[in-house]
Amino acid sequence: MEELDLILESVKQDMDGAIKHLDHAFQRIRAGRASTSMVQDVMVEYYGAPTPINQVANVSVPDAMTISIQPWDRTAIGAIEKAIINSNLGFAPSNNGENIILNVPPLTEERRRELAKQAKVEAENTKITIRNARQEGLKELKKLEGVSEDVVKGVEDEIQGFTDKYVKLCDEHLKTKEAEIMKV
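Be aware that the sequence shown starts at 1, since it is given in the UniProt record's numbering, and climbs by one per residue.
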């Protein structure tokens, strides 16, 4: 019975991880407002090592359409600008010698649709991950010996219940993100 609990816990953890990954991916998809999460994955070449931008500068959002990046070391301004340009975020950084300003342009209708499609792709990838977790759980279940068919069937139903719950949760997250993206 302990092995069954381990299988169920493993499946649940994998599905939880998939939803957390989806939330992280959705944070990177901008919805018209400036956010520090838009640049959190930018890696800056700092003293020869790739370093997350939030470890070389203070990233803040002074208003809804601006991201301000103030490096702790002024010599890093060029490296930060280069990293932002190379990250393909679509921002044109401007600096005044002390900090870098990123103006977040308002989204066009076409760009909103592109972002909604991108969100849909992320949601589909998450559903695939959830289904793969189900498959792994069922595979592990089949490997067990000495467990009655009724118990195995019950655990299979429980795993399917997890799958249905997490796919529904994924759809809800997508619906919320699409509404956020399409809101003018």
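Think of the CB as a built atom: it goes at the ideal place given N, C-alpha and C, for glycine as much as any other residue.
I'd like to check one pair, residue j with residue i: are the Cβ atoms closer than 8 Å?
i	j	result
Trp72	Ala57	yes
residue 195	Glu140	The shown model of the chain, from 1 to 184, leaves out residue 195, and the question about it has no answer.
His21	Thr126	yes
Ile128	Cys170	no
Ile85	Ile53	no
Leu89	Met38	yes
Arg74	Glu98	yes
Apart from the five residues on each side of it in sequence, which residues of its chain come closer than 8 Å, Cβ to Cβ, to residue i?
i	result
Ala34	Val61, Asp63, Ala64, Met65, Thr66, Ile67, Leu102 and Val104
Pro50	Met43 and Val44
According to the neighbour-count rule (16 or more other Cβ atoms, all chains shown, within 10 Å of its Cβ), is residue i buried or exposed?
i	result
Arg134	buried
Glu9	exposed
Met176	It is Thr, not Met, that sits at residue 176 in the sequence shown. Exposed, since its Cβ has fewer than 16 Cβ neighbours within 10 Å.
Ala76	buried
Tyr46	buried
Val147	exposed
Ala174	According to the sequence shown, residue 174 is Leu rather than Ala. Buried.
Please work out which residues of its chain come closer than 7 Å, Cβ to Cβ, to residue i, disregarding the five sequence neighbours upstream and downstream, and give them in chain order.
i	result
residue 186	The first residue shown for the chain is 1 and the last is 184, placing residue 186 beyond what the model contains.
Val152	Leu141
Ala119	Phe26, Ile29, Leu174, Lys177, Glu178 and Ile181
Leu144	Glu3
What residues in its chain sit with their C-beta under 6 Å from that of residue i, if we drop five residues either side in the sequence?
i	result
Ile159	Val11, Arg134 and Gly137
Lys25	Here residue 25 turns out to be Ala, not Lys, going by the sequence shown. Closer than 6 Å at Cβ, skipping near neighbours: Glu122.
Pro93	Glu81, Ile84, Ile100 and Leu102
Asp5	none
Lys165	none
Ser87	Val42
Within the UniProt domain "Ribosome recycling factor" (23-182), ranges of the alpha helix (DSSP H) (whole runs, at least 4 residues)
The alpha helix (DSSP H) runs lying completely inside the UniProt domain "Ribosome recycling factor" (23-182) and spanning 4 residues or more are 77-86, 109-143 and 149-182, given in chain order.
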